[in-house]
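Okay, so here's the structure we're looking at.
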Amino acid sequence: MSTTTALPPFPENVPTHPLLVVDYELIKAGDEQEIEKLWKAATELGFWYLKNHGVDEKVNEMFEMGAETMALPLAEKLKYEQGDDGMSFGYKAAGANATDDKGSLDTVEFINVSQDDAFAFPAQAHRSYPSTVVARMPETIVPFINKSVTVNETLLSVFEARLGLPAGALLAKHKREEYSGSEARCIRNPPRPNDWQEEKAALGAHTDFGSLSFLHNRLGGLQVLVPGTENWQYVKPIPGHAICNLGDAMTIFSGGILRSNLHRVVPSPGEQSHFPRWSLVLFTRPGNSVTLRALVDESSIIADAVAANTREDLDFKTGATASEWFARRIKNQRIKNRTGPETWHASRGTEHKPLAA
Ligand SMILES: O=C(O)CCC(=O)C(=O)O
Ligand SMILES: [Fe+2]
């Protein structure tokens, strides 16, 4: 299968941004130095590698699920389309989303499986899925989501303590029992040899919508906008190392202390561009009813950060619930909903100052 063939190495001659490597076993053990490293990564770049997370076997099975699903006829996949109303769960075809304000089309297809649907299985919380997803639910998807959510909860509890929040306060915004936009996503970008053009991103520049993303990829293509510069640099995939990044909800909750950094996916570099690129993400997002606002009443550290904030683009009182925030972003990315550049701007999170209502 294409996901397991020997792949060419990541080239040495492309601009690559180093990420801090955080050891999950040490974090679990409460190692102070490791927690400090995680904090540095979370506040400065908002991206880090995570090793010793113990999920790799299920990650490989998830890539098999993705390959089985993408091999279905397009007409079959389209029966499970996410639609144009702001729901993320389901299938998204290549070219269904804009990647910029000009309405350039994305090249990735992906399948999003709701965490709530996985936890409710064999009952349904939100929607139905292709047969290839259903077949993989009990042995692959549910265990992958369970393990990944545990990893994300462990990291969230570290941030909760470092932000001076009462024990359980941040985790209470991400309860497994409350329905949320949390989902597993398997992405395929087709081979795109020698197809590198700025306006042909596979997945446009964005910050993630939710709280914490747990990402696995094998080929290059992911790039981060290095803070304080105009430079996009690749993040090199390293075997056994997941890539973690923070989303907008954490920037807002923390009063800007934690960083949700811009990133995008472009064709894989060099020889790697001849192969399809697979990636897998578990997105942890706040419960649907949670209001996105800085948690100033629960932490003086956060209250002080909001008082001292100089980033004018950050809005710490969005007034939106997580479900409203999320649906707005998904809906306005869909090319079918596009009326002009304003649709793209309406899809933005903390990347840009929100347009006046
Ligand atoms: O494919 C990747 O490496 C990143 C995907 C991503 O940023 C996303 O789906 O939000
Ligand atoms: Fe992302």
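The sequence shown maps to residues 1 to 357 in UniProt numbering. Where a beta carbon is used, it is the ideal one built from N, C-alpha and C, also for glycine.
Under DSSP, S114 forms a beta bridge with E183.
Look at K331 here: in three-state DSSP terms it is helix. Less than 8 Å divides the Cβ of F10 from the Cβ of P237. Pairing K175 with N288, the inter-Cα distance amounts to about 10 Å. Taking C-beta atoms as the reference points, R162 and E109 fail to come closer than 8 Å. With 6 Å as the limit, the residues whose C-beta approaches any heavy atom of ligand 1 more closely are R185, I187, L203, D208, L215, N217, L222, H263, V265, S279, V281, in sequence along the chain. Under DSSP, S213 shares a beta bridge with N245, F283. The residues G95, in chain order, have a CB closer than 6 Å to that of L105 in the same chain once the five nearest residues on each side in sequence are set aside. Under the DSSP definition of a beta bridge, G90 partners with N112. Counting C-beta pairs with one atom in each stretch, the region 120-139 and the region 40-56 have fewer than three that are closer than 8 Å, which means they do not touch. When DSSP states are grouped into helix, strand and coil, K336 belongs to the helix group.
Contact holds between the region 81-90 and the region 324-334, because three or more Cβ pairs, one in each stretch, are under 8 Å apart. In the DSSP assignment, the residues bridged to R293 are K317.
A Cβ-Cβ distance of about 6 Å is found for the pair R311 and G256, placing them in contact under the 8 Å criterion. In terms of side-chain proximity, the C-beta atom of S213 is found nearer than 7 Å to a non-hydrogen atom of ligand 2. In this structure, S273 lies near N194, with their beta-carbon atoms less than 8 Å apart. In this structure, the beta-carbon distance from P276 to D101 does not fall below 8 Å. Apart from the 5 residues on each side of it in sequence, L19 sits with its Cβ closer than 8 Å to the Cβ of A41, L45, F47, W48, Y49, V235, I243 in its chain, given in chain order. In this structure N231 is exposed. Its beta-carbon is surrounded by fewer than 16 other beta-carbon atoms within 10 angstroms. Here T16 carries a strand assignment [DSSP, helix/strand/coil]. When distances are taken from the beta-carbon of H206 to the heavy atoms of ligand 2, the shortest one is below 7 Å. As far as DSSP is concerned, Q33 takes part in no beta bridge. Secondary structure of K51 (DSSP, three-state): strand. Listed in chain order, the non-local C-beta contacts of I302 below 8 Å within the same chain comprise L163, G164, L165, F253, S254, G255, I257, A294, L295, V296, local neighbours out to five positions each way being set aside.
Boundaries around D304 are those of the alpha helix (DSSP H), 300-308, since no beta strand (DSSP E) includes it. If you look at L26, you'll find it in the alpha helix (DSSP H) that goes 24-28. In the DSSP annotation of this structure, the continuous segment of the beta strand (DSSP E) that includes A205 starts and ends at 203-206. Assignment of Q82 by DSSP, reduced to helix, strand and coil, places it in the coil class.
Along the region 99-179, the alpha helix (DSSP H) occurs as fully enclosed runs of 4 or more residues at 115-120, 131-136, 142-162, listed in sequence order. Shown here, V59 sits in a helix according to DSSP, grouped into three states. In this structure D116 is in contact with S180, their Cβ atoms being roughly 7 Å apart against a cut-off of 8 Å.
The beta carbon of M70 lies closer than 6 Å to those of R188 in the same chain, with the five residues before and after it left out. Going by DSSP, H345 is part of the alpha helix (DSSP H) stretching over 341-346.
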